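In this note's numbering, the protein residues as written are 440 to 751.
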Ligand code: DON
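Here it is as structure tokens:
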């Protein structure tokens, strides 16, 4: 059921005011530099887009500028994997919050190589393994999926970020090898990591992201094309795990203060799904200690409060 935003101001005006306030705030946070190519981004970039199920896309600031989607890619790879594996995935990756940083390795040893959820790096690497095993060419298949969902045929991987990720991927390699030792990675670790680094290195704008993910706000169906991307049950499940784990160990606080399924990436993007209404995508590169963009978080928190968007 569509929700009615609880403000009479047109959305464009609301977003303009929000963006003005966001860029006027004292800067907080640090741009990710453990992937060196990410540190070259202009830290003052800031944009927000809202796409509605009715087909409206409102953009403000740098909302049409492409940036590294990083962990936001994990939402798309999960959905693509569910298209092929359905329930088969859930014996290899869990659905619980990890309570650990996104790239932590300690829990994996205790839990026999089964990652807590598909949004921490270990879980996304298992999902990447399923894509490598089920597609003859998983990287082009992933890019085509994003192009179809966004309607933007120009989406590309950022080669500098990809090379930088591959050169500095020791921790992800450690996660993959540990899971391989438990039998939870089927393909060659190198091929799985190649796919994982590729998906993280795609550039998309806030507008691209908001448009692409509308199906999660619409029980699995893209509203503009009418195409079913995932079942209603899987849309429910993806949103549920986004709510509990999409913002890593800040997910509880995000549920408390915002109340929407959401996913962040260390490129500074955050997407939030508003079931029955649309998708918010915000971008600002500096991150807090959890790896979540400070200003994107601020903008989404404030917008959700102003419009009364919480699902709870
Ligand atoms: O594997 C990594 O560490 C990065 N490619 C993605 C991490 C990420 O975006 C975590 N999100 N906040």
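For every residue, glycine included, the Cβ atom is placed at its ideal position computed from N, Cα and C.
Note that the structure is predicted; figures quoted are calculated from it, not measured.
- Taking 8 Å as the upper bound for CB-CB distance, residue 738 and residue 721 are in contact here, some 5 Å apart.
- The closest CA to that of residue 550, considering only 587, 614, 709, 606, is found on 614.
- Our two residues, residue 572 and residue 472, have alpha carbons roughly 31 Å apart in a direct line.
- Taken through DSSP and simplified to helix, strand or coil, residue 676 comes out as helix.
- Here the alpha carbon of residue 530 sits roughly 19 Å from the alpha carbon of residue 683.
- As computed with DSSP, residue 660 is found in a beta bridge with 667.
- Beta-bridge partners of residue 500 (DSSP): 486.
- Cβ-Cβ distances below 8 Å link residue 622 to 552 in the same chain, with the five nearest sequence neighbours on each side left out; the list follows chain order.
- Proximity of the beta carbon of residue 556 to ligand 1 is not indicated: no heavy atom of the ligand is located closer than 7 Å.
- Straight across, the Cα-Cα distance linking residue 589 with residue 654 is about 11 Å.
- Secondary-structure assignment with DSSP links residue 642 through a beta bridge to 507, 595.
- At the C-beta level, residue 707 and residue 725 come within 8 Å of one another.
- Collapsing the DSSP output to three states places residue 566 in a helix.
- C-alpha of residue 594 to C-alpha of residue 749: approximately 31 Å in a straight line.
- Counting along the chain, residue 722 sits inside the beta strand (DSSP E) bounded by residues 717 to 722.
- The nearest non-hydrogen atom of ligand 1 is less than 7 Å from the C-beta of residue 604.
- Secondary structure of residue 746 (DSSP, three-state): helix.
- In this structure, DSSP gives residue 610 a helical state, which the three-state scheme calls helix.
- For residue 708, the secondary structure class from DSSP, reduced to helix, strand or coil, is strand.
- Contact between residue 719 and residue 489 holds, since their C-beta atoms are separated by about 5 Å, short of 8 Å.
- A distance of 8 Å or more separates the beta carbons of residue 735 and residue 492.
- In the structure shown, the three-state DSSP call for residue 702 is strand.
- Across the structure, residue 732 and residue 670 are spaced so that their CA atoms are roughly 31 Å apart.
- Collapsing the DSSP output to three states places residue 583 in a helix.
- Under the three-state reduction of DSSP, residue 469 is assigned to strand.
- Residue range 690 to 696 is occupied by the alpha helix (DSSP H) that includes residue 695.
- Ranking 660, 673, 602, 567 by CA distance to the CA of residue 624 puts 567 first.
- Non-local C-beta neighbours of residue 592 in its own chain, meaning closer than 8 Å and more than five positions away in sequence, comprise 586, ordered along the chain.
- Per DSSP, the unbroken alpha helix (DSSP H) holding residue 458 starts and ends at 450 to 463.
- For the pair residue 677 and residue 517, the CB atoms are nearer than the 8 Å cut-off.
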